[in-house]
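Top line first, the protein sequences correspond to chains V, Z and G. The first sequence lines up with residues 2 to 410 when you count with the numbering used here. The second sequence lines up with residues 38 to 166 when you count with the numbering used here. The third sequence lines up with residues 72 to 187 when you count with the numbering used here. Below: the structure, in structure tokens.
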Amino acid sequence: MKRIFGVALGVLTAIGGFVDIGDLVTNAVVGSRFGLGLAWVVLVGVVGICVYAQMSGRVAAVSGRATFEIIRERLGPRAGLANLAASFLINLLTVTAEIGGVALALQLATSVDPRLWVPVAAFAVWIVIWRVRFELLENVTGLLGLTLIVFAVALFLLSPDWGSLAGQALQPGAPADEAATTYWFFAIALFGAAMTPYEVFFFSSGAIEERWTEDDLAKSRLNVFVGFPLGGILSIAIAGCAAVVLLPASIDVTSLSQVVLPVAEAGGKVALSFAIVGILAATFGAALETTLSSGYTLAQYFGWSWGKFRRPAKAARFHLAMIICVLVAVAILSTGVDPIVITEYSVVFSAVALPLTYLPILIIANDREYMGDQVNGRGMNFIGSVYLVIIIAAAVAAIPLLIVTGAGA
Amino acid sequence: MNPRPQPLGRVLDAHLHILDRQVLDRDGVPVTTADDLELEGIEMGVPIDPEAPPPFVSAILTGPDLATRIFGGRPPVSRRMVIPWRLVTEVGTTIRLGVSGDALDATWVERWVGDHIIGRIPGGRHDPD
Amino acid sequence: MILTDLLGSDAVDADGTRLGCVVDVRLEIAGAPGQLLAATIVTGILVSPRSRSSTWGYERRGAQGPFLIARLQRWLHRGMFLVTWEDVARADEGVVRLREGCAHLDPRLPEGHRSR
Numbered sequence: 002m003k004r005i006f007g008v009a010l011g012v013l014t015a016i017g018g019f020v021d022i023g024d025l026v027t028n029a030v031v032g033s034r035f036g037l038g039l040a041w042v043v044l045v046g047v048v049g050i051c052v053y054a055q056m057s058g059r060v061a062a063v064s065g066r067a068t069f070e071i072i073r074e075r076l077g078p079r080a081g082l083a084n085l086a087a088s089f090l091i092n093l094l095t096v097t098a099e100i101g102g103v104a105l106a107l108q109l110a111t112s113v114d115p116r117l118w119v120p121v122a123a124f125a126v127w128i129v130i131w132r133v134r135f136e137l138l139e140n141v142t143g144l145l146g147l148t149l150i151v152f153a154v155a156l157f158l159l160s161p162d163w164g165s166l167a168g169q170a171l172q173p174g175a176p177a178d179e180a181a182t183t184y185w186f187f188a189i190a191l192f193g194a195a196m197t198p199y200e201v202f203f204f205s206s207g208a209i210e211e212r213w214t215e216d217d218l219a220k221s222r223l224n225v226f227v228g229f230p231l232g233g234i235l236s237i238a239i240a241g242c243a244a245v246v247l248l249p250a251s252i253d254v255t256s257l258s259q260v261v262l263p264v265a266e267a268g269g270k271v272a273l274s275f276a277i278v279g280i281l282a283a284t285f286g287a288a289l290e291t292t293l294s295s296g297y298t299l300a301q302y303f304g305w306s307w308g309k310f311r312r313p314a315k316a317a318r319f320h321l322a323m324i325i326c327v328l329v330a331v332a333i334l335s336t337g338v339d340p341i342v343i344t345e346y347s348v349v350f351s352a353v354a355l356p357l358t359y360l361p362i363l364i365i366a367n368d369r370e371y372m373g374d375q376v377n378g379r380g381m382n383f384i385g386s387v388y389l390v391i392i393i394a395a396a397v398a399a400i401p402l403l404i405v406t407g408a409g410a
Numbered sequence: 038m039n040p041r042p043q044p045l046g047r048v049l050d051a052h053l054h055i056l057d058r059q060v061l062d063r064d065g066v067p068v069t070t071a072d073d074l075e076l077e078g079i080e081m082g083v084p085i086d087p088e089a090p091p092p093f094v095s096a097i098l099t100g101p102d103l104a105t106r107i108f109g110g111r112p113p114v115s116r117r118m119v120i121p122w123r124l125v126t127e128v129g130t131t132i133r134l135g136v137s138g139d140a141l142d143a144t145w146v147e148r149w150v151g152d153h154i155i156g157r158i159p160g161g162r163h164d165p166d
Numbered sequence: 072m073i074l075t076d077l078l079g080s081d082a083v084d085a086d087g088t089r090l091g092c093v094v095d096v097r098l099e100i101a102g103a104p105g106q107l108l109a110a111t112i113v114t115g116i117l118v119s120p121r122s123r124s125s126t127w128g129y130e131r132r133g134a135q136g137p138f139l140i141a142r143l144q145r146w147l148h149r150g151m152f153l154v155t156w157e158d159v160a161r162a163d164e165g166v167v168r169l170r171e172g173c174a175h176l177d178p179r180l181p182e183g184h185r186s187r
């Protein structure tokens, strides 16, 4: 049993990265418009995040330093500040979207107006961060979030034409009624979602919260290689369900109810309740992950005391920063803006944050002063460098594509 | 290139190894980042006496410099908080001090926020469950 | 004097020719024994003719990966050299003057120990 919970950090990190509210909807949108034609992007993204999360987990375990401290030390104060600004804005937008997403999931369950749920959701997120032990937090949300597996079950129950699904996946390219630029915009959005910086910030800070040391390297690898592929599978399952049910019927995905439609069709009310529990847990988990990441990045850049393992009064600025984040998120949501739309624009800030996050990780993973004998091998350096090129290309193309396609309209 | 003279102790570079590194106190609690260093034994514009002993590091400087980080320049020394170098026990991937953070001026903001804001919220002073 | 006053200054030799930029200050923890740590003394400055600042140190350390980044960094900071403190004549605002006939030494750091 302990072994299962031992991978909770990896699973929770992956949930926040692959199936948070923005990705839940994006995966369904992609499935309803492109079928499984973008599944290869999820695969590329999963490998990429595994490579880099593994590196940053190793750095945290061996040297005791979390990722954003490394970023400050290697990039220097100015470039580090640029990364901080971009990452912080991504976090803030995502926190806002996730708290809104929790409210939307509660609406799905209770049919009560989501704006009434927002303060409840925000308070719940804060109280868990304030009082609940880190291990308990990750175990419960990680485990409950896995109920999203119901999407994979639903996909089987729908008895799809596996041949045509495989055909879509293996012939990447825009279908006749979609522009190539839109196809590539969604490709970059999915790739950026798989490799969002807050995943490595959370994973490496979580490693320090859990007091991993050089003896825990095997555990770190297990977390990475179980958690992120699982997240990828969930992503593809959601897209697959949309491909089978929504694509042929040309149903547009505009809200959570379309996202769960295939599950309801496949397994009725029972399956639907699993899906709602899963969505609730996943968005709540993502809210926790991104709120904590806001605290981690600010505290690590400025050198403040941080960590849930400390008494709040001893990590005062860390907790204060997170309280302010949650309050700002509630303020933004009270203007009535659609939380899902918000996440589409965080891809802009990802464009800046992605290369500035991953380059320092690659550099530090090679530094003997920090890593001793645990420096990267040749193979890891090669694949890390290849991904760095992909990341820079995605970062450069993101904003022009966002503008040209009108965020994939 | 001529070979360098043999060192007597640990050799390091100020910008590479000290600046922007984390400063931890005796218990491993983060104090601040090392933003600058104060060097004693050298003056601006004064010719250096070849017989004089070499200058040494006298303090770590830290402080509110967000605006200068963005736009350039440096805040005056009087606005900077000083951590005397004699409190340092180790210089590695972090800089460790031999005293508790509470004893330093440099932690006054953290203590203030802890006492007046976070400490006042119920549960703020409890150890985590 | 403040460290960042020295960093970024021009380094000129006795004739006034600009040799490069002061990118770092070399220290040694080997002075008079103190209570917790021996005194940290300045033993030299690092001058780079082609760059203004070097924060990764690939040109001062032995073999380090990743390969392409290491090559690029060493090329960007090529020609960097160490000047011992005895060869520094004076430090003015933005300019550091070196003595006549100062030796340009290998900038590489001795193989260090790893510490946490």
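Idealized CB from N, CA, C, for every residue including glycine.
- Around the CB of V:V119, 16 or more other CB atoms lie within 10 Å, so the residue is classed as buried.
- Between the stretch 170-181 of chain V and the stretch 50-65 of chain V there are fewer than three inter-stretch CB-CB distances shorter than 8 Å, so the stretches are not counted as touching.
- Inclusion of G:V83 and G:L180 in the CB contact set at 8 Å is not warranted, their separation being larger than that value.
- Residues of the stretch 63-83 of chain V that bring their beta carbon within less than 7 Å of a beta carbon in chain Z comprise S64, R66, E70, R73, E74, G77, P78, R79, L82, in sequence order.
- Inclusion of G:P120 and G:L90 in the CB contact set at 8 Å is warranted, their separation being smaller than that value.
- Beta bridge pairing from DSSP links G:R168 with G:V83, G:R161.
- Neighbours of G:D163 in chain Z, taken as residues at a C-beta separation under 8 Å, are given in chain order as M81, G82.
- Taken atom to atom, the span from the alpha-carbon of V:I100 to that of Z:E75 is near 46 Å.
- Taking a contact as a CB-CB distance under 8 Å, the pair V:L93 and V:V329 counts as one, their CB atoms being some 7 Å apart.
- Closer than 8 Å to the CB of Z:A51 there is at least one CB belonging to chain G.
- Listed along chain G, no residue sits closer than 7 Å to Z:P101 by beta-carbon distance, the nearest being about 16 Å off.
- If you look at Z:P91, you'll find it isn't in any beta strand (DSSP E); DSSP assigns it neither H nor E.
- Using a CB distance cut-off of 8 Å, G:P137 counts as an interface residue toward chain V.
- Counted as a single uninterrupted DSSP element, the stretch harbouring Z:I155 is not any alpha helix (DSSP H), since DSSP gives it neither H nor E.
- Under the 8 Å criterion on CB atoms, Z:T126 is classed as interfacial with respect to chain G.
- Judged by pairs of C-beta atoms under 8 Å, the stretch 226-238 of chain V does not touch the stretch 381-401 of chain V, as fewer than three such pairs exist.
- Those residues of the stretch 145-161 of chain G placed with their C-beta closer than 8 Å to a C-beta in chain Z are F152, L153, T155, W156, E157, V159, A160, R161, ordered along the chain.
- The Cβ neighbour count for G:T88, taken over all protein chains shown within 10 Å, is under 16; the residue is labelled exposed.
- An exposed status is given to Z:H163, since fewer than 16 other beta-carbon atoms sit within 10 Å of its beta-carbon.
- Between the stretch 158-171 of chain V and the stretch 192-210 of chain V, the count of Cβ pairs shorter than 8 Å is below three; the stretches do not touch.
- Taking all protein chains in view, the Cβ of Z:H153 is surrounded by fewer than 16 other Cβ atoms within 10 Å, so the residue is classified as exposed.
- Fully contained in the stretch 189-233 of chain V are the following alpha helix (DSSP H) runs of length 4 or more, in chain order: 198-210.
- Not one beta carbon of chain Z lies nearer than 8 Å to the beta carbon of V:L13.
- Look at the beta carbons and you see the stretch 59-66 of chain V not touching the stretch 281-298 of chain V: under three pairs across the two are nearer than 8 Å.
- With its beta carbon less than 8 Å from one in chain G, V:S386 belongs to the interface.
- It is roughly 9 Å from the alpha-carbon of G:E157 to the alpha-carbon of Z:I85.
- Between V:K315 and Z:G151, the CB-CB gap stays under 8 Å.
- Excluding five sequence positions before and after V:V30, the CB atoms of its chain that fall closer than 7 Å to its own CB belong to V254, given in chain order.
- From the beta-carbon of Z:R162, the residues of chain V found nearer than 8 Å are R312, P313, A314.
- The closest CA to that of V:A408, considering only V:F135, V:T183, V:E136, V:Y359, is found on V:T183.
- When the alpha-carbon of V:A208 is set against those of V:F275, V:V103, V:F135, the nearest one is in V:F135.
- Against G:I140, the close residues of chain V are L363, I364, S386, in the order they occur along the chain (beta-carbon pairs closer than 8 Å).
- At a cut-off of 8 Å between beta-carbon atoms, Z:E147 makes contact with chain V.
- Among the bridge pairs identified by DSSP, V:R116 is matched with none.
- In this structure, the beta-carbon distance from Z:T69 to Z:T99 falls below 8 Å.
- One finds P67, E147 in chain Z with Cβ atoms closer than 7 Å to the Cβ of V:W305, taken in chain order.
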